[in-house]
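Below: the structure, in structure tokens.
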Amino acid sequence: MKLILLGAPGAGKGTVAKLLTAIDGSVQISTGDILRGAVKAGTELGKQAETAMNSGALVSDDLIMGIMGERLKEDDCKSGFLLDGFPRTIPQADALKVLLTDMGISLDMVVNLNVPRDVVMDRLTTRRTCNNSSCQEIYNVKSNPPKQEGICDKCGSPVIQRDDETEEAIAKRLETFTEQTAPLVDYYGKEGSLVDIQATSSDVVVQTIQSNLS
Ligand code: ADP
Ligand code: ZN
């Protein structure tokens with residue numbers, strides 16, 4: 133399947149994407165994961181992205197389109213892809229449209245994970261992430277803690293609170309989302325490709341996506 137997953141920070145895009153990859157071998161492409169990997173590796177890309185990320189702002193459209201233009205051309209995308217955290221602005225959506233048309237690819241649908249603000253706020257403050265950039269497994273101190281406190285079940289690396297998950301940065305990320313990303317719901321709604329899901333549980337979201345695909 134070829135999907136865009138839209139939704140606020142904490143709406144569950146990453147969790148849903150990981151469940152979907154297990155169904156048909158589509159790859160999850162998370163711009164957030166790619167950027168965090170670059171920051172940790174200390175690459176030029178990481179240096180350019182870090183300040184914006186830590187404050188809860190977006191990195192530039194040019195930087196993101198450079199990454200995605202390359203990423204979508206990789207071989208593993210042929211079996212399908214789940215775009216998690218991209219596009220995040222109208223210019224990114226416009227550029228993606230051009231990119232996909234040039235590549236002869238059409239999307240199956242755009243999914244909007246619709247979650248109330250108090251729920252995402254609670255999820256983000258209790259979220260913890262594996263510090264290993266090639267793992268980045270997500271935990272939650274309340275609902276899904278690692279078996280051994282602070283240690284990733286999958287790879288044994290430390291499980292940490294992200295730098296952009298302080299209360300101040302979270303508030304800023306939600307504001308950034310409302311201002312720059314929420315308009316994409318209308319953008320794709322007008323194109324007729326949008327499926328809006330009241331995203332209570334990830335399993336329900338996955339089932340709804342599957343029934344809309346078939
Ligand atoms: P979230 O949990 O907020 O959905 P992500 O892991 O998707 O977080 O992204 C983390 C940060 O990386 C964002 O706050 C932003 O600074 C940057 N980022 C990720 N994807 C994009 C994008 N498509 N455009 C601009 N910035 C992005
Ligand atoms: Zn891990």
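Note that this note's numbering has the sequence shown beginning at 133, numbered continuously upward. Positions of the beta carbon are idealized from the N, C-alpha and C atoms, including for glycine.
| Check | Outcome |
| --- | --- |
| Coarse secondary structure for D335, derived from DSSP in three states | helix |
| Which listed residue (V171, V252, M241, F309) has its alpha carbon closest to that of S325 | M241 |
| Beta-carbon contacts of N263 that lie in its chain and below 6 angstroms, excluding the five residues immediately before and after | S289, P290, I292 |
| Helix, strand or coil at I341 [DSSP, three-state] | helix |
| Beta-bridge partners of Y271, as assigned by DSSP | R260 |
| Min CB distance E300 to chain B below 7 angstroms | Of the protein chains in the structure, only one exists, and it is not chain B. |
| DSSP-derived helix/strand/coil call for S211 | helix |
| For V247, three-class secondary structure by DSSP | coil |
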